[in-house]
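Protein chains in written order, with the working numbering: chain A, 5 to 256; chain B, 127 to 490. Don't be surprised by glycine CBs; every beta carbon is placed ideally from N, CA and C.
Structure below.
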């Protein structure tokens, strides 16, 4: 089904930190769209740089070749975007030895020809909402997620686990980047919604709260306003950077 | 999905019960199919005159408006229409009582239809979803606190000023004004499943009990849950304990529900008792008037109006939500349960609670 229309809103803030190492971007053209969110790692401004380089490279590539035709497999495009982001960071890293440690998490949503696919590396998440509940979500590349898979931890306990920041995958290192890809592209329906979120958001806002706030939101901006209020009322002493991108799928 | 409702209420250590609540008609099968089960709680504003009348009228009007829902009207539309009707009714009542600007109430309404939940809310009464041992607030309160927090966020005031503001609990939206300033409502359904529990409650519950204490009072049975939560609130012996009302709506598998809804004894509610008492009084008075007529036929005119008055009094009481809405498969309103009240040793001393009440729910 074609003729889909996307409405997007986003916020990104430093929380109680000095710098915001999160970054996000998106582009929607001719019924196709690309949304990306990154949470940078590495000192000396590296985190900030890595997330920005990754997002700018991806959104730039989407804009120069908007893949709105049915001919291109979205999974291949997503893999290509990950390679591009990694290469951009590696090139920058080699030219700037001070930033040698920089990496980033990355999550990308790609919608074209009425279908959606997504990919991620690290612990930035994508949630897919259908008929009022979460119908799909990414699984972190982190130590606590492995514990969940081994039956040693409840999924809801990830957000409190001391090792939750130990990532098993990221983008920009020397190793070949291996994004986790969503299964067969999802046929979209009006009413579907996506939320891309960095850990500063999902550690403080539970999935059921995302569903509740979605139920009362007529726009992505309203949804994010409700989520933002929950973040504020959580009031952690040390509040990590937090970023969210909300996408509503609507009939043209 | 099978739905089991429960309810309990207590006056706390206040002089007046300013909370009101009600359920839609749970016996009307055709209505249930498209309109679901509706539970409403309203908390009259303590600092304002007639808080009890405001909440009672708000619930009565809301229930009667929702009862007009047709299968064609969506649940969110029906809830919004009912809320507007309820607001107009309270505002009208204030005008006729010459208490305009002085009557107000919160209202929260939740509907469960199949596996879908909808709600609408004004003020600071709560709808909680309890799932897998987690406790989640569905509605956003309309309290000045939120506006202060936003101002602090934008750097207009300091966080400390925001958190110490004397009016942070004042309501920024309530029913009874010419127009409703803010409404929190679902536009799309929230999906629920067997095992989920909804709590519709006045702030007397969650301003006294922490989430963990509320979780500890929850059991499988809806009625037992409401009663246990109210008992825990009273047992906490909080000074100036506010009125507390807790509706529980437990969602169950259809099959599991068959066994748990074995016929239960219908306990007469306080209101029903009141109705019986009034009827008995009416019969007595009719009897007395008959005797009087028999003895002094000329005195009938003076006695007849008395009889009428006595018989008419239960009518508004009967129209009050508690009476007509008592769920058939749950014990109706457990108002001021004896064992709870005996545990509540604080007799409200004259006037000592007036000031905090006022401060608690000011208009803003």
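At least three beta-carbon pairs within less than 8 Å, the stretch 228-236 of chain A to the stretch 156-169 of chain B
no
Mapping the DSSP letters down to three states, classify residue 97/A as helix, strand or coil.
The three-state secondary structure of residue 97/A, taken from DSSP, is helix.
Considering only residues of the same chain and omitting the five flanking positions on each side of residue 257/A, which have a CB-CB separation below 8 Å?
Residue 257/A lies beyond the range of chain A shown here (5 to 256); nothing can be said about it.
Selection from 299/B, 130/B, 292/B and 280/B that minimises the alpha carbon distance to residue 165/B:
130/B
Distance, residue 236/B Cα to residue 371/B Cα:
14 Å
To the nearest angstrom, how far is the alpha carbon of residue 145/B from that of residue 277/B?
32 Å
Assuming residue 55/A is part of the alpha helix (DSSP H), what are its boundary residues?
50-68
Range of the contiguous alpha helix (DSSP H) that encloses residue 204/A
203-206
Taking just the CA atoms, how far does residue 208/B sit from residue 242/B?
Going by the C-alpha atoms only, they are around 19 Å apart.
Top-ranked residue by Cα proximity to residue 109/A, from 46/A, 223/A and 238/A
46/A
Let's see if you can read the secondary structure: which residues bound the alpha helix (DSSP H) around residue 150/A?
147-153
When you compare only the Cα positions, how much space is there between residue 391/B and residue 237/A?
Note that residue 391/B has pLDDT 37, beneath the 50 cutoff, so the model's placement of it is unreliable and the number below is only indicative. Between the alpha carbons of residue 391/B and residue 237/A lies a distance of about 44 Å.
List the residues of chain B whose Cβ lies closer than 9 Å to the Cβ of residue 210/A, in chain order.
Around residue 210/A, the beta-carbon contacts reaching into chain B at under 9 Å are 260 and 262.
From 243/A, 239/A, 244/A and 248/A, pick the residue whose C-alpha is nearest to that of residue 226/A; which is it?
Residue nearest to residue 226/A within the set 243/A, 239/A, 244/A and 248/A is 248/A (criterion: CA-CA distance).
Between residue 379/B and residue 320/B, which are expected to be in contact by the criterion C-beta below 8 Å, what is the C-beta distance as a whole number of angstroms?
Yes, residue 379/B and residue 320/B are in contact; Cβ-Cβ is about 5 Å, under 8 Å.
Where does residue 165/A fall in DSSP's three states?
coil
Burial state of residue 296/B, where buried means 16 or more other Cβ atoms lie within 10 Å
buried
Does residue 275/B get closer than 7 Å to chain E when you measure Cβ to Cβ?
Checking the listed chains, one finds no chain E in this structure; the protein chains it contains are A and B.
My guess is that residue 310/B and residue 247/B are in contact by the Cβ rule of under 8 Å, so how many angstroms apart are they, rounded?
5 Å
Drop a sphere of 10 angstroms on the beta-carbon of residue 20/A, count the other beta-carbons inside from all chains shown, and report buried for 16 or more, exposed for fewer.
exposed
Suppose contacts are defined by Cβ-Cβ distances below 7 Å. Is residue 328/B in contact with residue 351/B by that definition?
no
Would you be able to state if there are at least three C-beta pairs under 8 Å between the stretch 121-137 of chain A and the stretch 34-43 of chain A?
Taking a cut-off of 8 Å for Cβ pairs, the stretch 34-43 of chain A and the stretch 121-137 of chain A touch, as three or more such pairs fall below it.
Which residues in chain B have a C-beta closer than 9 Å to the C-beta of residue 243/A? List them in chain order.
Residues of chain B passing the Cβ test: none, with the nearest at roughly 12 Å.
Please tell me whether residue 94/A and residue 52/A are closer than 7 Å, where the distance is taken between their beta carbons.
no
Since residue 113/A sits in a beta bridge, which residues does DSSP pair it with?
39/A and 122/A
Quick one: residues in its chain with C-beta nearer than 6 Å to the C-beta of residue 122/A, no 5 flanking neighbours on either side, listed in chain order?
113, 130 and 186
Residue 133/B - containing beta strand (DSSP E), residue span:
128-136
In whole angstroms, what separates the C-alpha of residue 213/B from that of residue 195/B?
One C-alpha to the other measures close to 17 Å.
By DSSP, does residue 81/A sit in helix, in strand, or in coil?
The answer is helix: DSSP assigns residue 81/A an H, G or I state.
Would you mind telling me which residues of chain A sit closer than 9 Å to residue 315/B, beta carbon to beta carbon, in chain order?
Counting only Cβ-Cβ distances below 9 Å, residue 315/B has contacts in chain A at 135, 136 and 219, in chain order.
Please name the residues in the stretch 281-313 of chain B whose beta-carbon is closer than 8 Å to at least one beta-carbon of chain A, in chain order.
Listed by position along the chain: 310, 311, 312 and 313.
Closer than 8 Å by beta-carbon distance: list the chain B residues that pair up with residue 230/A, in chain order.
Within chain B, the residues near residue 230/A are 266.
Residue 478/B classed as buried or exposed, judged by whether at least 16 other C-beta atoms fall within 10 angstroms:
Any reading at residue 478/B needs caution, since the residue's pLDDT is 32, under 50, leaving its predicted position unreliable; the model's value is listed next. Residue 478/B is exposed by the Cβ-count criterion.
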